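Okay, structure first, notes after.
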Amino acid sequence: MKLFIASAASNDIPEKYFIDCKNFLTEIFKYNHELMYGANNKGLMGLSYKIAKDFDRNIVGVCPEGYREELELIECNSEFTVKNISERNDMLTELCDAIVFLPGGIGTLYELFAALEGKRAKDFDKPIIIYNSCNYFDSIISLLEKMYTEKFTSINVRDYYHVSNNIEDAINYINSLKN
């Protein structure tokens, strides 16, 4: 399965996220999944790349022109350079079978909200998985629920994504999508 894994590109995040996500990614790539990602070798993005590479998985890197130097630091099976972040997100969404969110910053949240809106607008119907490592996404999940309960959105966006609070649930859910 082709997984667009969206995550942090910072090495300065707390170690607990590296530890937990390393365990998660090691389990994911045991199952022959492919990595589609934003072509960065830092942070959780770099960790995704390294673990996929260790398992000799197919890796597709999509990089905006502004970050081209990042693409030169890695070796992907397929590499694409696009004009900007929006085009990167669109291409990764098009190429993947499912989108997996690990903890991240503004870029990751942009990708998450773009995926939710894309699914709501029926631009695509691919699974969205939020791996809630160390409860990182709790406040975002609460905000999404508040939007619905306070009628800022007429649809329950909770129906558009799956939240996994542990590795076993995430792996089982992702592997169930292959059937």
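The opening residue of the sequence shown carries number 1352 in my numbering; numbering runs sequentially from there.
Every residue gets a Cβ at the ideal spot worked out from N, C-alpha and C, and that includes glycine.
Given the structure is predicted, the values throughout are model-derived calculations rather than measurements.
Just to confirm my understanding: we take Arg1509, look at its own chain, exclude 5 residues before and 5 after, and list those with CB closer than 6 Å. What are they? Within the sequence shown, residue 1509 is the residue found at index 158, counting from 1. Around Arg1509: no qualifying Cβ.
Can you give, in chain order, each stretch of the beta strand (DSSP E) that sits fully within the stretch 1448-1501 and has at least 3 residues? Taking only runs of at least 3 residues, the beta strand (DSSP E) segments lying wholly in the stretch 1448-1501 are 1449-1452 and 1479-1482.
Going by the DSSP bridge assignment, what does Ser1429 pair with across the sheet? For this step, residue 1429 is matched to residue 78 along the sequence shown. Ser1429 pairs with Val1411.
Relative to the alpha-carbon of Asp1448, which residue among Glu1421, Ile1436, Ser1429 and Pro1478 has its alpha-carbon at the smallest distance? Against the sequence shown, residue 1448 aligns to sequence position 97. Of Glu1421, Ile1436, Ser1429 and Pro1478, the residue nearest in Cα terms is Pro1478.
Select from Lys1404, Met1352, Asn1391 and Phe1369 the residue whose C-alpha is nearest the C-alpha of Glu1385. As a first step, residue 1385 is located in the sequence shown; it is residue number 34 there, counting from the start. Just measuring C-alpha positions, the residue of Lys1404, Met1352, Asn1391 and Phe1369 sitting nearest Glu1385 is Met1352.
Could you tell me whether the Cβ atoms of Val1411 and Leu1354 are closer together than 8 Å? Your numbering for residue 1411 matches position 60 in the sequence shown. Your numbering for residue 1354 matches position 3 in the sequence shown. No. Outside cutoff.
Compute the Euclidean distance between the alpha carbons of Gly1389 and Asp1489, then round it to the nearest angstrom. Your numbering for residue 1389 matches position 38 in the sequence shown. Your numbering for residue 1489 matches position 138 in the sequence shown. Rounded to the nearest whole angstrom, the CA to CA distance from Gly1389 to Asp1489 is 24 Å.
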